[in-house]
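Have a look at the structure below, then the notes.
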Amino acid sequence: SQQGEEDPQALSIQEGENATMNCSYKTSINNLQWYRQNSGRGLVHLILIRSNEREKHSGRLRVTLDTSKKSSSLLITASRAADTASYFCARDMDTGRRALTFGSGTRLQVQP
Amino acid sequence: EPEVTQTPSHQVTQMGQEVILRCVPISNHLYFYWYRQILGQKVEFLVSFYNNEISEKSEIFDDQFSVERPDGSNFTLKIRSTKLEDSAMYFCASSETWSQVLENTIYFGEGSWLTVV
């Protein structure tokens, strides 16, 4: 598959703990975007990291990108119950295509 | 904060009927997209639209589907003769630009649930 996958598929943690989700892909990218989706709701853009960046922060979110390993990680620090959602990475492939390619996502459950 | 808005939020339609899903992209954006997510599955790209024409489409976007920007603000997805397997959440999205060197943040709407019965 050209799309890669996120892991883990599901993650359950206690409030206050950190959550780390990983994303792998197989072809070169222009950038990689992380989205959040509450059950049955829309996709909320969290953060974009370019292929020439290695790390990016936004509030409690930290995203890393390792293009040599074709992988990215999303870290949510000091998680809250409200962080419960599915998290997706979407690759903007370096193929001239404008389409984002989504993975299957990680379902995060934060227990209060 | 500007957002992509979609209507209806949920539509139930009979198999074989035509459906039009509507979207208002973010006002200064130039690129528009439709994606869909069948329940429990991945988000899939359908089509991108720029300068009043389709710039790219996936294999899912067959002759059953069409898109249109009828005026300066709306962007629509039409599904002719709906099938049971068209049941999905349809997301509209927009971006200010698309470039291999610039950031192309794509903003999604809340989605339109389509149920074909």
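Note that the protein sequences, when read in sequence, are chains A and B. One gets the numbering used here by counting positions in the first sequence from 1 and adding 36 to each. One gets the numbering used here by counting positions in the second sequence from 1 and adding 822 to each. Cβ coordinates follow ideal geometry from the N, Cα and C atoms, glycine included.
Contact set for residue i: own chain, Cβ-Cβ below 6 angstroms, skip 5 residues either direction
| i | result |
| --- | --- |
| A/ARG72 | VAL80, LEU82, ALA121 and TYR123 |
| B/ILE928 | ALA915 and SER917 |
| B/LEU843 | LEU899, TYR912 and SER934 |
| A/ARG127 | TYR61, ILE65, LEU68 and THR137 |
| A/ILE85 | LEU68, LYS92, VAL99 and LEU101 |
Per DSSP, cross-strand counterpart(s) of residue i
| i | result |
| --- | --- |
| A/ASN67 | A/ARG86 and A/ASP128 |
| A/ASP102 | A/SER107 |
| B/MET911 | B/GLN859 and B/TRP935 |
| A/SER94 | A/LEU97 |
| B/PHE930 | B/ALA915 |
| B/GLU875 | B/TYR872 |
| B/VAL834 | B/THR937 |
| A/ARG77 | Looking at the DSSP assignment, A/ARG77 forms no beta bridge with any residue, so it has no partner. |
| A/ASN58 | A/ASP43 and A/SER109 |
Chain-ordered neighbours of residue i on chain B, where CB pairs are closer than 7 angstroms
| i | result |
| --- | --- |
| A/ASP128 | ASN926 |
| A/ARG90 | Chain B residues near A/ARG90: none, gap ~16 angstroms exceeds 7 angstroms. |
| A/LEU84 | GLU925 and THR927 |
| A/SER108 | Chain B residues near A/SER108: none, gap ~15 angstroms exceeds 7 angstroms. |
| A/SER140 | LYS864 |
Beta-carbon contacts of residue i that lie in its chain and below 8 angstroms, excluding the five residues immediately before and after
| i | result |
| --- | --- |
| B/GLU825 | ILE848, TYR929 and GLY931 |
Residue i to residue j span [Cα, whole Å]
| i | j | result |
| --- | --- | --- |
| A/ALA135 | B/GLU875 | 15 angstroms |
| B/LYS894 | B/TYR855 | In the sequence under discussion, the amino acid at residue 894 of chain B is Gly, which differs from the Lys named in the question. So the two alpha carbons sit approximately 16 angstroms from each other. |
| B/SER831 | B/ALA910 | 12 angstroms |
| A/SER75 | A/ALA114 | 22 angstroms |
| A/VAL151 | B/THR829 | Look at the range of chain A in this structure, 37 to 148, and you will see that residue 151 of chain A is not part of it. |
| A/LEU47 | B/PRO892 | 44 angstroms |
| B/CYS845 | B/THR827 | 6 angstroms |
Cut-off 7 angstroms between Cβ atoms - residues of its own chain near residue i, not counting five sequence neighbours on either side
| i | result |
| --- | --- |
| B/LEU852 | TYR872, GLU918 and THR919 |
| B/GLN839 | THR904 |
| A/PRO44 | THR142 |
| A/GLU41 | SER60, GLY139 and SER140 |
8 angstroms Cβ cut-off: residues of chain A touching residue i
| i | result |
| --- | --- |
| B/TRP920 | ARG134 |
| B/GLY894 | Residues of chain A passing the Cβ test: none, with the nearest at roughly 21 angstroms. |
| B/PHE930 | TYR71, GLY78, LEU79, VAL80 and HIS81 |
Neighbour list for residue i in chain A, Cβ cutoff strictly below 7 angstroms
| i | result |
| --- | --- |
| B/TYR912 | Chain A residues near B/TYR912: none, gap ~11 angstroms exceeds 7 angstroms. |
| B/PHE867 | ALA135 and LEU136 |
Residue i: contacting residues in chain B (beta-carbon distance under 8 angstroms)
| i | result |
| --- | --- |
| A/ASN67 | GLU925 and ASN926 |
For the region 862 to 871 of chain B against the region 880 to 891 of chain B, are there 3 or more C-beta pairs whose distance is under 8 angstroms? yes
Is it a yes or a no for the region 102 to 119 of chain A touching the region 59 to 77 of chain A, going by three-plus beta-carbon pairs under 8 angstroms? yes
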